[in-house]
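J.:
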Amino acid sequence: MQKNAIKIIIQLRKGQFILEGTIGFKTEKPLNNELKEKVIDTLLFSHEELIGENYIYGFRQISEIGVKAMSPGINDPGTALNTIDYLTSLFLDLMLKADFEYLTDDEQENWVLIRCSKFSELLYNVMATYRLYSRHDITVLRKLMHMLKTLTNHVINSNQLTILEAEISELRTDANANIKNKRDLSKLDAKDISWS
Numbered sequence: 126m127q128k129n130a131i132k133i134i135i136q137l138r139k140g141q142f143i144l145e146g147t148i149g150f151k152t153e154k155p156l157n158n159e160l161k162e163k164v165i166d167t168l169l170f171s172h173e174e175l176i177g178e179n180y181i182y183g184f185r186q187i188s189e190i191g192v193k194a195m196s197p198g199i200n201d202p203g204t205a206l207n208t209i210d211y212l213t214s215l216f217l218d219l220m221l222k223a224d225f226e227y228l229t230d231d232e233q234e235n236w237v238l239i240r241c242s243k244f245s246e247l248l249y250n251v252m253a254t255y256r257l258y259s260r261h262d263i264t265v266l267r268k269l270m271h272m273l274k275t276l277t278n279h280v281i282n283s284n285q286l287t288i289l290e291a292e293i294s295e296l297r298t299d300a301n302a303n304i305k306n307k308r309d310l311s312k313l314d315a316k317d318i319s320w321s
């Protein structure tokens, strides 16, 4: 778009399911049909989930494994604990990413802005799912708390800390509502977890 002096905002996020008629991009000025087709041709659409650079796929797959492990028919907290370790690693990487990526020219002028999935949204989706299916298992809740506290030690900005503190509060609320054993509850914030 640099050649045509048009700046673009890509509205779609990697891994997003797209319905017909979804607005995919916005430009600072109207495009003719030829330019629209050129822009559309640069985007990769597929009916399959492509792993490649789609880190959202990793979060979703690992979370699904962990949550399925906690379902009543399987009840495998060990697998859920392992998935939380992998999620911790993914979240540490995600915390380094900005909410936007830019395509720039040689003079460092931004021509295309690409919206990325936000840390807050991914963390919420993962935590809401795990809290629902693991709320009666103190070992999994402790591991989730450990993950959140570990992430607080690696924040890049105060917004990330605020997001993590909110998730810690929600996890604590669910634990208090569902774990009846006071000794178990007292161990929720343990610094070291030897069971994983």
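Per the numbering used here, residue 126 is the first one in the sequence shown, and the count goes up by one each step.
Idealized CB from N, CA, C, for every residue including glycine.
All of these numbers come straight from a predicted model, not from anything done at the bench.
Excluding the 5 residues preceding and the 5 following Asp309 in the sequence, name in chain order all residues of the same chain whose CB lies nearer than 6 Å to its CB.
T.: By 1-based counting over the sequence shown, the position of residue 309 is 184. Excluding residues within five positions, the ones whose Cβ falls inside 6 Å are Ile263.
J.: Measuring only the C-alpha atoms, how far is Glu159 from Asn303?
T.: The residue you call residue 159 lines up with position 34 of the sequence shown. The residue you call residue 303 lines up with position 178 of the sequence shown. Taking the straight line from one Cα to the other gives about 59 Å.
J.: Jot down the residue ranges of each uninterrupted alpha helix (DSSP H) in the stretch 205 to 284, minimum 4 residues, whole runs only, in chain order.
T.: Scanning the stretch 205 to 284 from its first residue to its last, the whole alpha helix (DSSP H) runs of 4-plus residues come out as 244 to 259 and 263 to 277.
J.: State the DSSP-derived secondary structure class of Lys154, mapped to helix, strand or coil.
T.: Reading the sequence shown from its first residue, position 29 is the one you call residue 154. It is coil, neither helix nor strand.
J.: Taking Ile190 as part of the alpha helix (DSSP H), name the residues at either end of that continuous run.
T.: As a first step, residue 190 is located in the sequence shown; it is residue number 65 there, counting from the start. If you look at Ile190, you'll find it in the alpha helix (DSSP H) that goes Tyr180 to Ala194.
J.: Specify whether the stretch 181 to 188 and the stretch 249 to 262 touch according to this definition: at least 3 beta carbon pairs, one from each stretch, less than 8 Å apart.
T.: Short answer: they touch.
J.: Buried or exposed for Lys268, please, with buried defined as at least 16 other CB atoms from any protein chain shown within 10 angstroms of its CB.
T.: Translated into positions along the sequence shown, residue 268 becomes position 143. The residue is buried, with at least 16 neighbouring Cβ atoms inside 10 Å.
J.: Thinking C-beta only, is Gly191 closer than 9 Å to Leu212?
T.: If you number the sequence shown from 1, residue 212 lands on position 87. If you number the sequence shown from 1, residue 191 lands on position 66. It is a contact, given that the beta carbons lie within the stated cut-off.
J.: Have a look at Leu266, Ile148, Tyr180 and Lys163 and flag the residue whose alpha-carbon is nearest the alpha-carbon of Asn301.
T.: Stepping through the sequence shown from its first residue, residue 301 is reached at position 176. Nearest C-alpha to Asn301: Leu266.
J.: How many angstroms separate the CA atom of Ala315 from the CA atom of His271?
T.: Within the sequence shown, numbered from 1, the residue matching residue 315 stands at position 190. Within the sequence shown, numbered from 1, the residue matching residue 271 stands at position 146. A straight-line Cα-Cα distance of about 8 Å links Ala315 and His271.
J.: Alpha carbon to alpha carbon, how far is Ala194 from Ile293? Give it in angstroms, no decimals.
T.: Mapped onto the sequence shown, residue 293 falls at position 168. Mapped onto the sequence shown, residue 194 falls at position 69. Their Cα atoms are separated by approximately 22 Å.
J.: For Ile134, report the span of its beta strand (DSSP E) as first-last.
T.: Reading the sequence shown from its first residue, position 9 is the one you call residue 134. First-last of the beta strand (DSSP E) with Ile134: Ile133 to Ile135.
J.: Less than 6 Å between C-beta atoms, sequence neighbours within five positions excluded: which residues of the same chain meet that for Phe216?
T.: Your numbering for residue 216 matches position 91 in the sequence shown. Taking Phe216 as the centre and dropping the five residues before and after it, the same chain places the C-beta of Leu276 closer than 6 Å to its C-beta, in chain order.
J.: Please confirm whether Leu137 and Thr147 have their CB atoms less than 9 Å apart.
T.: Position 12 of the sequence shown holds residue 137. Position 22 of the sequence shown holds residue 147. Yes, Cβ-Cβ distance for Leu137 and Thr147 is below 9 Å.
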